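> As they're listed, the protein sequences go chains A and B. Residue numbers for the first sequence follow the working numbering, so the first one is 1 and each next one is one higher. Residue numbers for the second sequence follow the working numbering, so the first one is 1 and each next one is one higher. A virtual CB, placed ideally from N, CA and C, is assigned to each residue, including glycine. A quick note: this is a predicted structure, and the numbers were derived from the prediction, not measured. What follows is a structure written as structure tokens; I'll ask about it next.
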Amino acid sequence: GAGVSQSPSNKVTEKGKDVELRCDPISGHTALYWYRQSLGQGLEFLIYFQGNSAPDKSGLPSDRFSAERTGGSVSTLTIQRTQQEDSAVYLCASSFVRDTEAFFGQGTRLTVV
Amino acid sequence: AQKVTQAQTEISVVEKEDVTLDCVYETRDTTYYLFWYKQPPSGELVFLIRRNSFDEQNEISGRYSWNFQKSTSSFNFTITASQVVDSAVYFCALSEALDSSYKLIFGSGTRLLVRP
Numbered sequence: 001g002a003g004v005s006q007s008p009s010n011k012v013t014e015k016g017k018d019v020e021l022r023c024d025p026i027s028g029h030t031a032l033y034w035y036r037q038s039l040g041q042g043l044e045f046l047i048y049f050q051g052n053s054a055p056d057k058s059g060l061p062s063d064r065f066s067a068e069r070t071g072g073s074v075s076t077l078t079i080q081r082t083q084q085e086d087s088a089v090y091l092c093a094s095s096f097v098r099d100t101e102a103f104f105g106q107g108t109r110l111t112v113v
Numbered sequence: 001a002q003k004v005t006q007a008q009t010e011i012s013v014v015e016k017e018d019v020t021l022d023c024v025y026e027t028r029d030t031t032y033y034l035f036w037y038k039q040p041p042s043g044e045l046v047f048l049i050r051r052n053s054f055d056e057q058n059e060i061s062g063r064y065s066w067n068f069q070k071s072t073s074s075f076n077f078t079i080t081a082s083q084v085v086d087s088a089v090y091f092c093a094l095s096e097a098l099d100s101s102y103k104l105i106f107g108s109g110t111r112l113l114v115r116p
């Protein structure tokens, strides 16, 4: 498709398990971002990729969170030893270069039980 | 610090009314971008507009218009003749650019309900 694609759409996991969230950006977009949206916290920046490098990881909440991007394309956000407070919608966005408009995927709704 | 304030948490209007969503921002940068996104019930954030800090011309796109005033650090969004399909949460955002970093700082959003 032409838009940003995220998978899975929904993920229910048990507390303490690891999860991987995937993002397929728009082809040719060099910049990629992860955001988290939860009730009461609004939209929080997590990490920014330029190509395969992540010059800004300042929004990752703890060392349980990590992300990588390969081939200047697909990105994976990994959450280890999930906690209930990790429950949120995780949104991925991409843009042609930084400073241009970012297009968002439909998000992954993560529920930790 | 960069900050975006959307003071209106929720607005309810009747179809065909005009409605304005307010956005006030704070930034230390001289060059920045402002954005509006729409989040319908489906959840996906839909890009509406990007405005450069040096371009203070108002913009109109169909029933949508935006008023950017640097003097008051505001970037307000008006929907003319609102429709039920306009019901959504609307987010205003501000770019924050550092040497090797770039991110959007979002406001808390305004939920718009358009009643038939």
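(1) Under a Cβ-count criterion, where at least 16 other Cβ atoms within 10 Å of its own Cβ denotes burial, should A/Q6 be classed as buried or exposed?
(2) Could you check whether the Cβ of A/Y90 sits closer than 8 Å to any Cβ belonging to chain B?
(3) Can you confirm whether A/P55, when its beta carbon is compared against all beta carbons of chain B, has any partner nearer than 8 Å?
(4) Just to make sure I have the definition right: I need the residues of chain A whose C-beta is within less than 8 Å of the C-beta of B/A81. Which are they?
(5) Taking the alpha-carbon positions, what's the A/K17 to A/K57 distance?
(6) Looking at the unbroken beta strand (DSSP E) that takes in B/L45, where does it start and where does it end?
(7) Rounding to the nearest angstrom, what Cα-Cα distance links A/C23 and A/Y90 in this structure?
(8) Alpha carbon to alpha carbon, what distance is there between A/S9 and B/W66?
(9) Could you give the residue range of the beta strand (DSSP E) that holds A/E20?
(10) Using only alpha-carbon positions, find the residue among B/V46, B/A81, B/Q8 and B/S74 that is nearest to B/N58.
(11) Taking 8 Å as the threshold (C-beta atoms), are B/K38 and B/A81 in contact?
(12) Quick one: grab the DSSP three-state call for B/S71.
(13) Within a Cβ cutoff of 7 Å, which residues of the same chain sit near B/A7, ignoring the five residues on either side of it in sequence?
(14) In the structure shown, what three-state DSSP assignment does A/D99 receive?
(15) Which of the three DSSP states is assigned to B/V85 in this structure?
(16) I want to see whether chain A comes within less than 8 Å of B/S95, judged by CB atoms only; does it?
(17) Within 8 Å (strictly less), CB to CB, does A/E101 reach chain B?
Working from what's here:
(1) buried
(2) no
(3) yes
(4) Those do not exist, as B/A81 stays about 26 Å from chain A at its closest Cβ, beyond 8 Å.
(5) 22 Å
(6) Unbroken run through B/L45: none, as it is neither H nor E.
(7) 10 Å
(8) 33 Å
(9) V19 to D24
(10) B/S74
(11) no
(12) helix
(13) D22
(14) coil
(15) helix
(16) yes
(17) yes
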